[in-house]
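Accompanying notes for the structure given below.
Shown next as structure tokens:
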């Protein structure tokens, strides 16, 4: 699946379920329901999970009478897709605007190590462009 398609194909509730699964690793449907804010009914959660299984983003294993669900897609891929959508939605696709907003939110000064890490990331991005 193309990375830019992952986040775009998920509803708000599906994203909440994926977030819960990424955070906890694997959960039953009832545990998913307990982990998401203002949860819908149990049957609605089961239907949403079934959609995620159908989309091949979640798989399951049987544990007695229960199904235990877990994410199939890598968290790093989901994170990248979420960031792409965030940047597109709130920053008109500008990575620079997003980074500047993040740096502006930082209430404390960056450590020398953090500044060095950011500089290295910028240099790497520049070298990938050439």
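Residue numbers (this note's numbering): 36 to 165. Where is the CB? At the ideal position from N, CA and C, for every residue including glycine.
Inset, instruction - Tell me where the alpha helix (DSSP H) around residue 88 begins and ends. - result: By one-based count along the chain shown, residue 88 stands at place 53. Looking at the DSSP string, the run of the alpha helix (DSSP H) that includes residue 88 is 77 to 89.
Legend entry - CA-to-CA distance, residue 130 to residue 140, given in whole angstroms: If you number the chain shown from 1, residue 140 lands on position 105. If you number the chain shown from 1, residue 130 lands on position 95. Rounded to whole angstroms, residue 140 to residue 130 spans 15 angstroms at the Cα level.
Legend entry - Straight-line gap, residue 159 to residue 72 (C-alpha atoms, nearest Å): Taking the chain shown and counting its residues from 1, one reaches residue 159 at position 124. Taking the chain shown and counting its residues from 1, one reaches residue 72 at position 37. Computed Cα separation, rounded: 38 angstroms.
Legend entry - Bridge partner(s) assigned by DSSP for residue 62: Here residue 62 corresponds to residue number 27 of the chain shown, with the count starting at 1. Answer by DSSP bridge pairing, in chain order: 104.
Inset, instruction - With residue 97 as the anchor, note down where its alpha helix (DSSP H) starts and where it stops. - result: The residue given as residue 97 occupies position 62 in the chain shown. Run containing residue 97: none in the alpha helix (DSSP H); it sits in the beta strand (DSSP E), 93 to 98.
Legend entry - Close beta carbons around residue 51, own chain, < 6 angstroms, minus the five adjacent residues each side: Residue mapping note: residue 51 aligns to position 16 of the chain shown, counting from 1. So the qualifying residues of the chain are 71.
Inset, instruction - Please report how far the alpha carbon of residue 49 lies from the alpha carbon of residue 74, in whole angstroms. - result: As a working mapping, residue 49 is identified with position 14 in the chain shown. As a working mapping, residue 74 is identified with position 39 in the chain shown. So the alpha carbons of these two residues sit roughly 12 angstroms apart.
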